[in-house]
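Residues -21 to -1, 1 to 476 in mature numbering (1 follows the signal peptide of the UniProt record, and there is no 0) are what the sequence shown spells out, letter by letter.
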Amino acid sequence: MRWFQYFTLAIVLLQVNNVHGDLGISPIISGSGTVESYAGRIRDEADGIVSAYGDITLDGPSEAFNQGAVALKTMYENIVNFVQPIAQSIATLAPNDVGPAENLFGDADTKIAAMLTFITGNAQTQLVTIQQKVSVFVRNELNDILNTIKATLNELRSALSALRTAVISARTNRATSSNVQTYVKPSMVVLVQTKTLQLATDLPAAAFSAIETARTINQANIFLETGIAVSSGTTLAELWESEMLKDYEKIVNFLNSLITLVDTEIPLVNERIAMFAETFSPLTTPLEEKYNEIDTVYDQITTGTEDNVLNAYKTLVSSALGYIRNLLIVYFPPIEPAIKRLSEVLVQRGLYADYCYETYYPKVEQYLFSGEMAMLSCLNIELEREKYLMEALVEVLYQMQFFLEDTNAHLKICYRLSLFDTPLANECLQEHTEFSEPIPCTAIKEYATMLQLLCKEVDSLRFRLWACVSRDTVTFPLEAQDILAGIENCQLRGPFA
């Protein structure tokens, strides 16, 4: 039985030797695990700040907002960069049974001292920059956060210092887990727990500040981009170009098919005429000459349509786009100061910032889109006019196509008649000659009329657009001035303005 007692004693001794201590000494100190978990809380809260400031846009349309965003993000990054090593140091200290305690506590103290130096030094310079580039409101908010963290760090530093002294005393007196509380009082550990947890609970304010920074700057950027989109006239230009482009492509495609038809049908007509017997030459010879004339006229018209009519169309489009740009010069600049000011109010996060933004954003948006809709309605009227004009152009081209297609079919009938009924064939050819006689003149006349109409459209388009929109342009500056004055008043008095 004695061997069993020795074996049991050996197991106990091994267990004693394998017991892990805390805070740099071998005895177990109650509450050190809680300190470690609270240090983990600090890391988690710091990660929350990182997640929040990661949403801040640094490359928006406003350079001033971009600079403010960089200044704020730098502050949040510094808070995280200084607080994370503190959390790591405390988390390493709490479960450590190897020591030496002086090094472990010394590392935590060094990390805390570094953040305190930052708060009282470089952070103050950053706060000045934030006040200049963002606002005094945001500067004060961050200053309060830093002061709260500073107070907690000083208290945590003091608590760790007292605990360090107690731990070293316990080590000097060879304390064990059973009597370590004689030297390391539970209240000392609780105080470190409390201050570690307090540091963790100080950090959500910084995360919320970063969230608000991202929200306001990103929202302001979207607002500015809306104004820029309207001011560029992109929507209006896209409507005009996309709608007219359909008709333009339709004409181009039809013209190409007509050119192919002319190149194909005229030679076939000439071949068909050449098939008639010599006895029909009094009718076929003039008809052949007429078709040579028609061929020349058709070439002139198709070439002219390509060179003149389509160029007139392009001029029509560019003229409309030019007018849109000129109109936006009258329409957008009056509201631009209000857009900029309301964006600044939001980003500055003053007492009434959100209230003012929610109140005046719809007014600015209504101004932007009502003006845009007024121009869109006027453009739609013009688009309908131009579509009718393009349809007239296509109709002329269709007539040319139908004539060519009918010609070959008619001559084919005349030729068949010539094989067995000369009088009827002569009558058929005479009828076709009379039908063909006015074609060149009519085609040239219709082409000239079409070109003249397009030229008139180019000349009168700007006037018609101006007449349509001018009834609203007088009110634009007055409405924009009222909105800007309301924003300034709201910033000072909020709902009491």
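The C-beta atom is built at its ideal place from N, Cα and C for all residues, glycine as well.
Being a predicted model, the structure only gives us computed values, none of them experimental.
Here's the rule: buried if 16 or more other CB atoms are within 10 angstroms of the residue's CB, otherwise exposed. What is residue i?
i, result
"serine 221", "exposed"
"leucine 463", "buried"
"leucine 457", "exposed"
"isoleucine -11", "Confidence at isoleucine -11 is low in this model, with a pLDDT of 34, below 50, so the placement of that residue should be treated as unreliable; the coordinate-derived value is given next. Isoleucine -11 comes out exposed."
"cysteine 357", "buried"
"glycine 301", "exposed"
"valine 168", "buried"
"alanine 154", "buried"
"isoleucine 308", "exposed"
"phenylalanine 84", "buried"
"leucine 433", "buried"
"aspartate 461", "exposed"
"arginine 364", "exposed"
"proline 6", "buried"
"lysine 52", "buried"
"aspartate 181", "buried"
"glycine 33", "exposed"
"threonine 401", "exposed"
"threonine 258", "exposed"
"alanine 186", "buried"
"arginine 150", "buried"
"valine -6", "Note that valine -6 scores 35 on pLDDT, short of 50, meaning its location in the model is unreliable; the coordinates nonetheless yield the value given after this. With fewer than 16 Cβ atoms within 10 Å of its Cβ, valine -6 is classed as exposed."
"leucine 398", "exposed"
"serine 135", "This sequence places leucine at residue 135; serine is not what is there. Buried: at least 16 other Cβ atoms inside 10 Å."
"lysine 225", "exposed"
"isoleucine 466", "buried"
"arginine 450", "exposed"
"tyrosine 377", "exposed"
Leaving out the 5 sequence neighbours to the left and right, which residues in its chain are closer than 8 Å to residue i when beta-carbon positions are compared?
i, result
"glycine 473", "Leu330, Tyr331, Tyr334 and Cys335"
"residue 478", "An answer regarding residue 478 cannot be provided, because it is not within the stretch -21 to 476 covered by the chain."
"leucine 403", "Leu396"
"isoleucine 245", "Tyr270, Ile273, Asp274, Tyr277 and Leu383"
"alanine 73", "Asp1, Leu2, Ser11, Gly12, Val14, Glu15 and Ala18"
"asparagine 133", "Leu95"
"asparagine 122", "Leu106"
Excluding the five sequence neighbours on either side, which residues of its own chain have a C-beta within less than 7 Å of the C-beta of residue i, listed in chain order?
i, result
"tyrosine 17", "Gln172, Thr175, Leu176 and Ala179"
"alanine 93", "Phe61"
"alanine 459", "Pro313, Ile314, Ala317 and Tyr346"
"valine 448", "Leu306, Ala353, Met354 and Cys357"
"phenylalanine 44", "Ile196, Ala199, Asn200 and Val326"
"valine 276", "Pro419, Ala422 and Ile423"
"lysine 129", "Leu95 and Ile98"
"glycine 218", "Correcting the residue identity first, residue 218 is leucine in this sequence and not glycine. These residues qualify, in order along the chain: Leu355 and Leu358."
"isoleucine 69", "Val14, Ala18, Ala87 and Thr175"
"leucine 262", "Asn405, Leu408, Gln409 and Thr412"
"lysine 342", "Ile462"
What first and last residue would you give for the alpha helix (DSSP H) that runs through residue i?
i, result
"alanine 73", "That residue, alanine 73, is in no alpha helix (DSSP H); it is neither H nor E in DSSP."
"glycine 350", "332 to 397"
"alanine 31", "11 to 32"
"aspartate 123", "115 to 151"
"methionine 254", "Careful: methionine 254 lies outside any alpha helix (DSSP H) and carries neither H nor E."
"threonine 275", "260 to 283"
"residue 478", "The structure shown does not extend to residue 478, since the chain is modelled only from -21 through 476, so no value can be given for it."
"isoleucine 7", "Premise fails: isoleucine 7 is in no alpha helix (DSSP H) and is neither H nor E."
"proline 316", "315 to 327"
"phenylalanine 97", "80 to 99"
"phenylalanine 475", "First-last for phenylalanine 475: undefined, no H or E at that position."
"leucine 307", "289 to 310"
"serine 415", "401 to 415"
Excluding the 5 residues flanking residue i on each side, which residues of the same chain have their C-beta closer than 6 Å to its C-beta?
i, result
"threonine 386", "Val248"
"tyrosine 310", "Gly350 and Phe455"
"glutamine 105", "Met54"
"threonine 213", "none"
"lysine 269", "Ser415"
"tyrosine 367", "none"
"serine 156", "Pro6 and Ile7"
"valine 296", "Met223"
Counting pairs of Cβ atoms below 8 Å between the region 248 to 267 and the region 391 to 400, do you hit three or more?
By the Cβ criterion, the region 248 to 267 is in contact with the region 391 to 400, since at least three pairs of Cβ atoms, one from each stretch, lie closer than 8 Å.
Contact between the region 74 to 91 and the region 232 to 252 (3+ Cβ pairs under 8 Å):
No, the region 74 to 91 does not touch the region 232 to 252.
Between the region 144 to 162 and the region 91 to 101, can you find at least three pairs of beta-carbon atoms closer than 8 Å?
Counting C-beta pairs with one atom in each stretch, the region 91 to 101 and the region 144 to 162 have fewer than three that are closer than 8 Å, which means they do not touch.
Would you be able to state if there are at least three C-beta pairs under 8 Å between the region 276 to 285 and the region 191 to 200?
Between the region 191 to 200 and the region 276 to 285 there are fewer than three inter-stretch CB-CB distances shorter than 8 Å, so the stretches are not counted as touching.
Give the list of continuous alpha helix (DSSP H) stretches no shorter than 4 residues that lie fully inside the region 155 to 240.
165 to 211, all fully within the region 155 to 240.
Inspect the CB distances between the region 401 to 420 and the region 366 to 373 and report whether three or more fall short of 8 Å.
Under the 8 Å Cβ criterion, the region 401 to 420 does not count as touching the region 366 to 373, having fewer than three qualifying pairs.
Per the contact definition of three or more C-beta pairs closer than 8 Å, is the region 23 to 33 in contact with the region 83 to 92?
Flag = no, the region 83 to 92 and the region 23 to 33 do not touch.
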